[in-house]
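Working notes, beginning with the structure itself.
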Amino acid sequence: MKKRYGSICLLLLSAAILLSGVVLGRQQQALAEKLIRLHVVADSDSEADQQIKLQVRDAVLAEAEVALRDAEDPKAALAAALPEIAEAANDCLRRLGSADRAAVTLGRELFPTREYETFALPAGVYTSLRVTIGSGEGRNWWCVVFPSLCLSASAEDFAEAAQAAGLTEGEIRLITEEDGGYQLKFQSMELLQRLFHWLEG
Numbered sequence: 139m140k141k142r143y144g145s146i147c148l149l150l151l152s153a154a155i156l157l158s159g160v161v162l163g164r165q166q167q168a169l170a171e172k173l174i175r176l177h178v179v180a181d182s183d184s185e186a187d188q189q190i191k192l193q194v195r196d197a198v199l200a201e202a203e204v205a206l207r208d209a210e211d212p213k214a215a216l217a218a219a220l221p222e223i224a225e226a227a228n229d230c231l232r233r234l235g236s237a238d239r240a241a242v243t244l245g246r247e248l249f250p251t252r253e254y255e256t257f258a259l260p261a262g263v264y265t266s267l268r269v270t271i272g273s274g275e276g277r278n279w280w281c282v283v284f285p286s287l288c289l290s291a292s293a294e295d296f297a298e299a300a301q302a303a304g305l306t307e308g309e310i311r312l313i314t315e316e317d318g319g320y321q322l323k324f325q326s327m328e329l330l331q332r333l334f335h336w337l338e339g
């Protein structure tokens, strides 16, 4: 009897976890459709290359801001501005005396769960403006280029930028601490994605 009861409880718990995973997956997908991530990869992990990465990031953000100003379709605006963004990144590298070149692409990438100062984003596939410096073997720098959340100074700045980009109040609550327990939710989602990947493989 105990075994049967234990099995039923385990099945119910598994069903609840899978159902919450499906709901969170849908929320993440809806969120991912509204965001464009920035992914800057340094040439190496040396201190010099990591500093160069941050300066290239700033040059890319400045050029992306110009491209996104008043853009009705942010993805199309960034796609059209890729040559200018790459030029800004490579001009920065030249000014810094680096022989490396930066490759800039816009595509889809899988991101892990990531925490920032005022918000966190769940793991998932997002549209990504990727900047690869040189061999691209160094540490990454991730943030959100649209809406412009990379350098938001406060929770108020974040909420204002997120609302302007069309995020709902529920989506904003999901990725800020207002939703309480978002870290656990995102970690659960990441574990479920790994489980599904393992089952498929």
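Numbers in my numbering are just positions in the sequence shown, counted from 1, shifted up by 138.
Glycine included, C-beta positions come from ideal geometry on N, C-alpha and C.
The structure displayed is predicted, hence computed values, not measured ones.
Q. Rounded to a whole number of angstroms, what is the C-alpha to C-alpha distance between residue 268 and residue 209?
A. Cα-Cα distance, rounded: 20 Å.
Q. Relative to the alpha-carbon of residue 221, which residue among 306, 244, 178, 279 has its alpha-carbon at the smallest distance?
A. It is 244 whose Cα lies nearest to the Cα of residue 221.
Q.
Looking only at its chain, what residues have a beta carbon closer than 6 Å to the beta carbon of residue 272, apart from the 5 residues adjacent to it on each side?
A. Closer than 6 Å at Cβ, skipping near neighbours: 181, 238.
Q: Compute the beta-carbon to beta-carbon distance between residue 276 and residue 187, rounded to the nearest angstrom, for a pair I have assumed lies under 8 Å.
A: Beta-carbon to beta-carbon, residue 276 and residue 187 are separated by about 5 Å, close enough to satisfy the 8 Å threshold.
Q | Whole-angstrom C-beta distance between residue 173 and residue 264, which should lie under 8 Å | A | Indeed, because the Cβ distance is near 6 Å, the residues count as touching under 8 Å.
Q: Can you tell me which of 285, 195, 256, 215 puts its alpha carbon nearest to the alpha carbon of residue 241?
A: When each option's Cα is compared against that of residue 241, the closest is 195.
Q.
For a cutoff of 9 Å on Cβ pairs, would you count residue 312 as touching chain D?
A. Checking the listed chains, one finds no chain D in this structure; it contains a single protein chain.
Q.
Taking 9 Å as the threshold (C-beta atoms), are residue 303 and residue 284 in contact?
A. One thing to note: residue 284 has its Cβ within 9 Å of the Cβ of residue 303.
Q: Round the Cβ separation of residue 280 and residue 199 to the nearest angstrom and send it over; I've been treating them as touching at under 8 Å.
A: Not really, about 13 Å apart at Cβ, beyond 8 Å.
Q) Going by other Cβ atoms of all chains shown within 10 Å of its Cβ, with 16 needed for buried, is residue 212 buried or exposed? A) Burial call: buried.
Q) Using the C-alpha atoms, what's the distance from residue 255 back to residue 311? A) C-alpha separation (whole angstroms): 15 Å.
Q | Host beta strand (DSSP E) of residue 268 (start-end) | A | Counting along the chain, the beta strand (DSSP E) containing residue 268 begins and ends at 262 to 271.
**Q.** residue 301 versus residue 233: straight-line alpha-carbon distance, rounded
**A.** One C-alpha to the other measures close to 36 Å.
Q. So, are the CB atoms of residue 266 and residue 253 less than 9 Å apart?
A. Residue 266 is not a Cβ neighbour of residue 253, given a cutoff of 9 Å.
Q: Starting from the C-beta of residue 193, find all residues in its chain whose C-beta is less than 7 Å away, skip the five residues before and the five after it, and write them out in chain order.
A: Excluding residues up to 5 positions away in sequence, 230, 234 lie with their Cβ nearer than 7 Å to the Cβ of residue 193 in the same chain.
Q: Check residue 242 in the structure and name its three-state DSSP category.
A: The three-state secondary structure of residue 242, taken from DSSP, is strand.
**Q.** Helix, strand or coil at residue 175 according to DSSP, with G and I counted as helix
**A.** Strand.
Q) In three-state terms, what does DSSP make of residue 255? A) Under the three-state reduction of DSSP output, residue 255 falls in the coil class, being neither helix nor strand.
(Q) Taking the alpha-carbon of residue 259 as reference, which of 217, 282, 295, 286 has the nearest alpha-carbon? (A) With distances taken between Cα atoms, residue 259 lies closest to 282.
Q. Can you tell me whether residue 171 is buried or exposed, with buried defined as 16 or more other CB within 10 angstroms of its CB?
A. In this structure residue 171 is exposed. Its beta-carbon is surrounded by fewer than 16 other beta-carbon atoms within 10 angstroms.
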